[in-house]
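> Per numbering that gives the first Met the number 0, the very first residue in the sequence shown carries number 0; after that it's consecutive. Starting off with a structure, shown below.
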Amino acid sequence: MTVRFNPAPLALDRGYSLPPSRRGLSRRSLNAGPDYPAPGLFESLTSHLGAVFDRLRSRGRLGEGDVDAALREVRLALLEADVNVAVTRAFLERVRARAVGAEVAASLTPGQQVVKIVHEELIVTLGGETAPLAPARVPPLRILMVGLQGSGKTTTAAKLARRLKASGKHPLLVAADLQRPAAVEQLEALGARAGVPVFTERSSTPPRLAKAALRRAGELGCDVVIVDTAGRLQIDEPLMAELAAVRRAVEPDEVLLVVDAMTGQDAVNVARGFLERTEITGLIFSKLDGDARGGAAISAREVTGRPIKFAGVGEGLDGLEVFHPERMASRLLGMGDVLTLIEKAEAAWDREQAEAAAEKMRRASFTLEDFLDQLQQVRRMGSLGQLLGMLPGAASAFRSVESSDEAMARAEAIIRSMTPAERRGPKLIDGSRRRRIAAGSGTSPQQVNELLRQFGESQRMMKAVAEGRSPIPGLALPGRRVKKKR
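As structure tokens, then:
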């Protein structure tokens, strides 16, 4: 036996205008040349739908023919996004039934009315309401994680444990995947990073291990047990027999199926295959931020009848979000997701640290160490492209999102390669130090020079403001007059 322990929906009352589609996120390396941006969250579908509804909004009146033409384009966009054919058909039938002959609200144009209907029906298709985790029938809360090999199941189990711990719970991870080589070691490493204990018995069987884990959870005072079960390359009878045995041993409150969103319709087929052989209470889509099409997530709820409870949106252990159908529908239509953005900011931002940094700026004593702290807080919220995608229309106003993300990563790498003394006093950095910093950060001396130049300019401007002078020659600060040279 081994126990390892290491320390409201958006208010859409502004006419349902659709901004231009969002751009994707670049994943190139720090020093790469011209990039080939990886697609963003549902970028392809958002782009197609945005183009369709932009044309609709430009029309003052809509006839039945206009609605049918628009819905044909919506149908193509959904099918290209890998949405299930039956789901697409049912969705469009509901939209058409409501759109044709419907009374238009006084505050909306006919085109905006159609967008409103599409938005509302999309929410229904995605599940309608947010589905929280079920409460424990008998403590501790027991969660069984199931899925195929390669779906991201083990990583998702650790992400869920990290999320529950952050909410005040005391989870225990159980490494019951005794089939895959290094599966136990992987979960132990992830548990160490998440600060969550991991239980396993390598010489046991999964059902006996699961029962022992429940006893150990009581001894450790854990109120949530997350069991990572074995995956297979495909759904087979031995896998299902083992799952059934573990299920009887655990008597779970939740059985969460982890599916890889990148596999498109195969993800929905996997979910349907599991449902035919065992009871599933909810779905988690991993790698959802890497799927430009998004058809699997749109189809899953309607095809399986099970809610999507969480979505994996990043590689870090913090990259697991509660799935909100109404917010996802808004993002799909380019309307943004301000509530999630606010939640990310509240979770990532240290108020005292931010106030201390602001005071240093006012005193013109802001150093590269302070700048690094600010960068890290921003990056904890996610990439700039992802954050801008949560603001209605913001991504279209910032066309250099890819380079901005890379510039932040490059700046952090450069500053981390400096000594504490160099961060506090950049004037110490001569030619040889620049070359050392460049080599340590994987950048060039020119890029180090550029960062230091930009930071020096920022310091100059902060000092000017602190002294009551304008940072820009010839431009007065509010309430002050520019002194003319005599």
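The beta-carbon is built from N, C-alpha and C at its ideal position, and this holds for glycine as well.
#1: When the Cα atoms are used, what is the spatial distance from Leu213 to Ala260?
#2: Quick one: any contact between the stretch 170 to 181 and the stretch 280 to 287, if contact means 3 or more CB pairs under 8 Å?
#3: If we ignore side chains and look at the alpha-carbon of each, how far apart do Ala328 and Arg97 end up?
#4: Assign Glu120 to one of two classes, buried (16 or more other C-beta atoms within 10 Å of its C-beta) or exposed (fewer than that).
#5: Could you pull the start and end residues of the alpha helix (DSSP H) that Glu250 belongs to?
#6: Where does Phe365 fall in DSSP's three states?
#7: State yes or no: is the C-beta of Phe370 within less than 8 Å of the C-beta of Ile414?
#8: How should Gln446 be labelled, buried or exposed, when 16 other C-beta atoms within 10 angstroms of its C-beta is the threshold for buried?
#9: On a CA-only basis, which of Ala175, Thr87 and Gly439 is nearest Thr124? Give me that one, please.
#10: Just the C-alpha distance for Val113 and Arg71, rounded to the nearest angstrom, thanks.
#11: Give the single residue among Gln264, Val195, Arg54 and Asp222 whose Cα lies nearest to the Cα of Leu78.
#12: Closer than 8 Å by C-beta to His169: which residues in its own chain qualify, once you throw out the five before and the five after it? Chain order, please.
#13: Given a threshold of 16 other Cβ atoms within 10 Å of its Cβ, counted over all protein chains shown, does Ser202 qualify as buried or as exposed?
#14: Please work out which residues of its chain come closer than 6 Å, Cβ to Cβ, to Phe273, disregarding the five sequence neighbours upstream and downstream, and give them in chain order.
#15: Mind checking who Arg141 pairs with in its DSSP beta bridge?
#16: Can you list, in chain order, the residues of its chain whose CB lies under 7 Å from that of Tyr35, leaving out five sequence neighbours each side?
#17: From this set, Val145, Leu238, Pro237 and His323, which residue's C-alpha is nearest Gly126's C-alpha?
#18: Return the residue from the list Gly217, Arg246, Arg215 and Ala216 that minimises the CA-CA distance to Ala229.
#19: For Ser298 versus Val321, is the C-beta distance shorter than 8 Å?
#20: Using the C-alpha atoms, what's the distance from Leu159 back to Val117?
#21: Please classify Pro170: does DSSP put it in a helix, a strand, or coil?
#22: State the start and end residues of the unbroken alpha helix (DSSP H) segment that holds Phe322.
#23: Buried or exposed: Gly146, going by 16 or more other Cβ atoms within 10 Å of its Cβ?
#24: Hey, quick one: how far does the beta strand (DSSP E) through Ala260 stretch, first residue to last?
#25: Going straight from the alpha carbon of Ala295 to that of Val82, what length do you get?
#26: List the endpoints of the continuous beta strand (DSSP E) containing Ala130.
#27: Are Leu143 and Pro237 closer than 8 Å when you measure CB to CB?
#28: In whole angstroms, give me the CA-to-CA distance for Val511 and Val269.
#29: The beta strand (DSSP E) spanning Gly311 covers which residue range?
#30: Report all residues from its chain with a CB closer than 7 Å to the CB of Gly439; omit the five preceding and five following residues, and keep chain order.
#31: May I have the straight-line CA-CA distance separating Glu456 from Leu331, to the nearest angstrom?
#32: Are Lys164 and Gly194 touching if we call contact CB-CB under 8 Å?
#33: Pull up the distance between the alpha-carbon of Phe309 and that of Ala68, whole angstroms please.
#34: I need the straight-line Cα distance from Arg207 to Arg300, nearest angstrom please.
#35: Write down every uninterrupted run of the beta strand (DSSP E) in the stretch 267 to 304 whose length is 3 residues or greater and which is fully enclosed by it, in chain order.
#36: What is the C-beta distance between Leu186 and Thr153, in whole angstroms, given that I count them as a contact (C-beta under 8 Å)?
In this structure, then:
#1: Here residue 213 refers to the residue found at position 214 of the sequence shown. Here residue 260 refers to the residue found at position 261 of the sequence shown. Those two C-alpha atoms are separated by around 31 Å.
#2: A contact between stretches requires three or more CB pairs, one per stretch, nearer than 8 Å, and the stretch 170 to 181 fails this requirement with the stretch 280 to 287.
#3: Position 329 of the sequence shown, counting from 1, holds the residue named residue 328. Position 98 of the sequence shown, counting from 1, holds the residue named residue 97. C-alpha of Ala328 to C-alpha of Arg97: approximately 18 Å in a straight line.
#4: Taking the first residue of the sequence shown as 1, we reach residue 120 at position 121. Buried, by the Cβ-count rule.
#5: Taking the sequence shown and counting its residues from 1, the one referred to as residue 250 is at position 251. No alpha helix (DSSP H) holds Glu250; DSSP gives it neither H nor E.
#6: Numbered from its first residue, the sequence shown carries residue 365 at position 366. Of the three classes helix, strand and coil, the one that applies to Phe365 here is coil, per DSSP.
#7: Taking the first residue of the sequence shown as position 1, residue 370 is located at position 371. Taking the first residue of the sequence shown as position 1, residue 414 is located at position 415. Yes, these two residues count as a Cβ contact at 8 Å.
#8: Indexing the sequence shown from 1 puts residue 446 at position 447. Per the 10 Å Cβ criterion, buried.
#9: Position 125 of the sequence shown, counted from the first residue, corresponds to residue 124. Thr124 has its Cα closest to that of Thr87, out of Ala175, Thr87 and Gly439.
#10: As a position in the sequence shown, residue 113 is number 114, starting the count at 1. As a position in the sequence shown, residue 71 is number 72, starting the count at 1. Distance from the CA of Val113 to the CA of Arg71, rounded to the nearest whole angstrom, comes to 14 Å.
#11: The sequence position of residue 78 within the sequence shown is 79, counting from 1. By alpha-carbon distance to Leu78, the top candidate from Gln264, Val195, Arg54 and Asp222 is Gln264.
#12: Within the sequence shown, residue 169 is the residue found at index 170, counting from 1. These residues qualify, in order along the chain: Leu219, Gly220, Cys221, Asp222 and Val223.
#13: Working through the sequence shown from its first residue, we reach residue 202 at position 203. Exposed, since its Cβ has fewer than 16 Cβ neighbours within 10 Å.
#14: One-based indexing of the sequence shown puts residue 273 at position 274. In the same chain as Phe273, and ignoring 5 residues on each side of it, the C-beta atoms closer than 6 Å to its own belong to Leu256 and Ile279, in chain order.
#15: Taking the first residue of the sequence shown as 1, we reach residue 141 at position 142. Looking at the DSSP assignment, Arg141 forms a beta bridge with Val224.
#16: The sequence position of residue 35 within the sequence shown is 36, counting from 1. Residue confidence is low: Tyr35 scores 27 on pLDDT, short of 50, so the model does not pin down where it sits. No coordinate-derived value is stated.
#17: As a working mapping, residue 126 is identified with position 127 in the sequence shown. Measuring from the Cα of Gly126, the nearest candidate turns out to be His323.
#18: The residue labelled residue 229 in the question sits at position 230 within the sequence shown. Here the closest residue by C-alpha is Arg246.
#19: Residue 298 sits at position 299 when you count from the first residue of the sequence shown. Residue 321 sits at position 322 when you count from the first residue of the sequence shown. If you check the CB distance, Ser298 and Val321 do not come in under 8 Å.
#20: Here residue 117 refers to the residue found at position 118 of the sequence shown. Here residue 159 refers to the residue found at position 160 of the sequence shown. Taking the CA atoms as reference points, Val117 sits about 32 Å from Leu159.
#21: Counted from its first residue, the sequence shown places residue 170 at position 171. The answer is strand: DSSP assigns Pro170 an E or B state.
#22: The count along the sequence shown starts at 1 and reaches residue 322 at position 323. It is not in any alpha helix (DSSP H) - Phe322 carries neither H nor E in the DSSP assignment.
#23: In the sequence shown, counting from the first residue as 1, residue 146 sits at position 147. Gly146 should be labelled buried.
#24: Taking the sequence shown and counting its residues from 1, the one referred to as residue 260 is at position 261. Where Ala260 is concerned, there is no enclosing beta strand (DSSP E), given that its DSSP letter is neither H nor E.
#25: Numbered from its first residue, the sequence shown carries residue 295 at position 296. Numbered from its first residue, the sequence shown carries residue 82 at position 83. Taking the straight line joining both Cα atoms gives about 6 Å.
#26: Here the question's residue 130 lines up with position 131 in the sequence shown. That residue, Ala130, is in no beta strand (DSSP E); it is neither H nor E in DSSP.
#27: Numbered from 1 along the sequence shown, position 144 holds the residue referred to as residue 143. Numbered from 1 along the sequence shown, position 238 holds the residue referred to as residue 237. The beta carbons of Leu143 and Pro237 sit no closer together than 8 Å.
#28: This structure cannot settle anything about residue 511, because the visible part of the chain is limited to 0 through 485.
#29: On the sequence shown, position 312 is the one that residue 311 refers to. That run of the beta strand (DSSP E) goes Ile307 to Gly311.
#30: Translated into the one-based positions of the sequence shown, residue 439 becomes position 440. Within the same chain, Gly439 has close Cβ partners Ser416.
#31: The count along the sequence shown starts at 1 and reaches residue 456 at position 457. The count along the sequence shown starts at 1 and reaches residue 331 at position 332. Within the model, the alpha-carbon separation for Glu456 versus Leu331 is close to 40 Å.
#32: In the sequence shown, counting from the first residue as 1, residue 164 sits at position 165. In the sequence shown, counting from the first residue as 1, residue 194 sits at position 195. Yes, they are a contact pair.
#33: What you label residue 309 is simply residue 310 of the sequence shown in a count that begins at 1. What you label residue 68 is simply residue 69 of the sequence shown in a count that begins at 1. Going by the C-alpha atoms only, they are around 35 Å apart.
#34: As a first step, residue 207 must be located in the sequence shown, where it is residue number 208. As a first step, residue 300 must be located in the sequence shown, where it is residue number 301. Looking at the backbone, the Cα of Arg207 and that of Arg300 are separated by about 33 Å.
#35: Complete beta strand (DSSP E) runs here, min 3: 281 to 285.
#36: For the purposes of this step, residue 186 is identified with residue 187 of the sequence shown, where counting begins at 1. For the purposes of this step, residue 153 is identified with residue 154 of the sequence shown, where counting begins at 1. Right, their Cβ atoms sit about 6 Å apart.
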